[in-house]
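Notes for the one structure printed next.
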Amino acid sequence: QSNSTVMRRAMGVAQHHDAVTGTAKQPVNNDYTLRLSQGWDSCQVVISNSLSSLTGIKENFAFCNLLNISVCHVTETANNFKVFLYNPLGRSITWNVRLPVNGHAYKVIGPNDETIPSEVVDVSDFTKELRLYQGRAERELIFQGQIPAMGFSSFTVGKLSLPDRFVFKSKKGKKQ
Amino acid sequence: PDKIQNQYYRVDFDPETGLMSGIHNLEKNISLPLTQSFYWYNASIGNEESSQPSGAYIFRPNNSSPLPVSQHSRSYLVQNSLVQEVYQNFSSWCSQVVRLYKDQRYVELEWTVGPIPIGDGCGKEVISLIDTKLQTGGVFYTDSNGRQIMQRRRDSRETWKLNQTEPVAGNYYPVNSRIYIKDKYTQLSVLTDRSQGGSSIRDGSLELMVHRRLLYDDNRGVGEPLLENGFFGEGIVVRGRHLLLLDHVEEAADAHRTLALQQYMSPQVVLSYGDGIPYSQE
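First to last, the protein sequences are chains A and B. Be aware that the first sequence starts at 13, since it is given in our numbering, and climbs by one per residue. Be aware that the second sequence starts at 608, since it is given in our numbering, and climbs by one per residue.
Below, the structure written as structure tokens:
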């Protein structure tokens, strides 16, 4: 069951001048935030249902709300995952995707089975410090995705194991 | 790092201070020396002229000159083929990444500010300030809900004679999506990812308030200071983005309107493990 009314109601409440300007008492601001959060949770089901209809595959979709501090359980733990980008604009765009990961190299396959250039960079110490105990990603995967106008693109990401020449061998001969 | 560059933009850094020292639109051959850093206004607790303290409703610094968070930043460069980034650390509570993606026609500043320290007993209103040599004649521009761009003139109002008593706060305006300054030939636009307060207090300068933490109520009804404590009572951290565009005046709107819409209606990222089952509405 999906319903966007929870978000519409929260947005309605947030039209109050104290919500717009941030001049409410702290517990009231917390309540505005809670309502918007519940609205977004509800809308995620709407989007999941829509994507299932559009792709013809019922996935267990995840919405990582903390991507701005490099936290996402799916990308941090899975060796393979899919990324869907939905573009609400009336023109196609290129979007820079940054996802928290723990691997060193990944292969990104685009919607037309083409390999998309990607890079992995370290998460900054500042980000690691401020996300506290929420995420453990050491790195971020970066790639640029093309998305059609008012449509979506899907990308398949797979973790690559490092070639042997990058694997150190200790004196005892154990791979590390 | 002394610069980052893609095919459209170059950003220079002062090797001594670590701060941005200029941006260049390579495609249109425009260069603009500038400095960008973070400052804070010391919040007023009331003075002889007025007992009005700075609070949730009222922005009232006790001095017209903001204090620098730091005179320099500790910086390092991350350079790859898809993205080039300069990480700037101004203090334990203020940092920024200056970023240029491949094929990207703007400069991205991702700032992280907070928790704002208040151990010194001072309420702080933190700004990102860009200083340029543009001759702006006291005029700057802010948007109104991303629609009409309003011309703002320092220490002036369009329909009445203003007696300016607050040289900083009296010139602050809402910025919902963009603020820009320009001279005859060059326009510097900054797009925001949220509504903020902004101004141009001096010719060629442009500032946006990114965070504030205050110790006194402003006696305007809310009945408590703007003092969000967060989980551990030390204040909250905010992270946001400013996008910089440098362009000819007559071509600037094409770029900032297109990019602002892209920010406002940005793509939604959805993830899955990829183990779904076939589905149809039937």
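Where a beta carbon is used, it is the ideal one built from N, C-alpha and C, also for glycine.
Q: Could you name the residues of chain B that F93(A) contacts, counting a contact when the two beta carbons are closer than 8 Å?
A: Listed along the chain, the chain B residues whose CB falls inside 8 Å of the CB of F93(A) are L878, S879, Y880 and G881.
(Q) Let me see if you follow: with CB-CB separation under 7 Å, is I781(B) close to chain A or not? (A) The residue asked about is misnamed: residue 781(B) is Pro in this sequence, not Ile. It does not; no Cβ of chain A falls within 7 Å.
(Q) Beta-carbon within less than 6 Å of G51(A)'s beta-carbon, same chain only, minus the 5 sequence neighbours each way: which residues are those? (A) The answer, listed in chain order, is V18, M19 and A22.
Q | Burial state of R801(B) (16 or more Cβ within 10 Å) | A | By the C-beta density criterion, R801(B) is exposed, having fewer than 16 other C-beta atoms within 10 angstroms.
Q.
For Q691(B), count the other beta carbons within 10 Å of its own beta carbon; 16 or more makes it buried, fewer makes it exposed. Which is it?
A. With 16 or more Cβ atoms within 10 Å of its Cβ, Q691(B) is classed as buried.
(Q) Output needed in chain order: residues of the stretch 784-797 of chain B with a Cβ under 9 Å from some Cβ in chain A. (A) Taking 9 Å as the Cβ-Cβ cut-off against chain A, none of the residues of the stretch 784-797 of chain B qualify.
Q | Every unbroken alpha helix (DSSP H) inside the stretch 838-873 of chain B [4 residues or more] | A | Complete alpha helix (DSSP H) runs here, min 4: 856-871.
Q) What distance in whole Å lies between the Cβ atoms of V829(B) and L813(B), which are believed to be in contact at a cut-off of 8 Å? A) Contact between L813(B) and V829(B) fails: their C-beta atoms lie close to 29 Å from each other, not under 8 Å.
Q. So the beta strand (DSSP E) N632(B) belongs to, where does it begin and stop?
A. Bounds of the beta strand (DSSP E) holding N632(B) are M627 to N632.
Q: Show which residues of chain A have a CB atom less than 8 Å away from the CB atom of K709(B).
A: By Cβ distance, chain A contributes Q156.
Q) Any idea what DSSP makes of M19(A), helix, strand or coil? A) The DSSP-derived three-state label of M19(A) is helix.
Q. Taking contact to mean at least 3 C-beta pairs separated by less than 8 Å, is the stretch 41-59 of chain A in contact with the stretch 676-691 of chain B?
A. Verdict: no, contact absent.
Q.
Would you say R846(B) lies against chain A (beta-carbon separation less than 7 Å)?
A. It does; some Cβ of chain A falls within 7 Å.
**Q.** Start-end ranges of the alpha helix (DSSP H) lying completely within the stretch 98-133 of chain A, minimum 4 residues
**A.** The qualifying runs do not exist here; there are none.
Q. Beta-carbon separation of T749(B) and R759(B) under 7 Å?
A. Closer than 7 Å, so yes.
Q | Segment limits, beta strand (DSSP E) that includes G163(A) | A | First-last of the beta strand (DSSP E) with G163(A): G163 to K171.
Q: Return the residue from the list F155(A), S136(A), A74(A) and T139(A) that minimises the CA-CA distance to R110(A).
A: Ranking F155(A), S136(A), A74(A) and T139(A) by Cα distance to R110(A) puts F155(A) first.
Q. Any idea if F180(A) is buried or exposed, counting beta-carbon neighbours within 10 angstroms, 16 or more meaning buried?
A. At F180(A), the pLDDT of 49 sits below 50, so the modelled position is not reliable and the matter cannot be decided from this model.
Q: Check whether the Cβ of P622(B) sits closer than 6 Å to any heavy atom of the ligand NAD, and report yes or no.
A: The model on display carries no ligand, and the ligand NAD is accordingly not part of it.
Q: Helix, strand or coil for K709(B), going by three-state DSSP, please let me know.
A: The answer is coil: DSSP assigns K709(B) none of H, G, I, E or B.
**Q.** At least three beta-carbon pairs within less than 8 Å, the stretch 137-153 of chain A to the stretch 68-86 of chain A
**A.** Yes, the stretch 137-153 of chain A is in contact with the stretch 68-86 of chain A.
Q. Quick one: is D882(B) buried, meaning 16 or more other Cβ sit within 10 Å of its Cβ, or exposed?
A. The C-beta of D882(B) has fewer than 16 other C-beta atoms within 10 Å across all chains shown, which makes the residue exposed.
Q) Is it a yes or a no for the stretch 91-102 of chain A touching the stretch 652-659 of chain B, going by three-plus beta-carbon pairs under 8 Å? A) No, the stretch 91-102 of chain A does not touch the stretch 652-659 of chain B.
**Q.** For R143(A), the three-state DSSP class (helix, strand or coil)
**A.** In the three-state scheme derived from DSSP, where H, G and I count as helix and E and B as strand, R143(A) is classed as coil.
Q) What do you reckon, are the CB atoms on Y646(B) and L633(B) nearer than 7 Å? A) Not closer than 7 Å, so no.
Q. Can a CB atom of chain D be found closer than 7 Å to the CB of Q870(B)?
A. Protein chains in the displayed structure are A and B, and chain D is not among them.
**Q.** Residue environment, I159(A), which counts as buried when at least 16 other CB atoms sit within 10 Å
**A.** Counting Cβ neighbours within 10 Å, I159(A) comes out buried, since at least 16 surround it.
Q) Who are the Cβ neighbours of S677(B) in its own chain at under 8 Å, not counting the five residues just before and after it? A) Contacts found: S644, F645, F697, S698 and C701.
(Q) Along the stretch 668-697 of chain B, where does the CB come closer than 8 Å to a CB of chain A? Name the residues. (A) Here the close residues are V685, N687, S688, L689, V690, E692, Y694 and N696.
Q. For E88(A), does the count of other Cβ atoms within 10 angstroms reach 16, so buried, or fall short, so exposed?
A. A residue is called buried once 16 or more other Cβ atoms fall within 10 Å of its Cβ, and E88(A) is buried on that count.
Q: Could you name the residues of the same chain whose beta carbon sits closer than 6 Å to that of E126(A), not counting the 5 residues immediately before and after it, in chain order?
A: Taken in chain order, the list of residues that qualify is empty.
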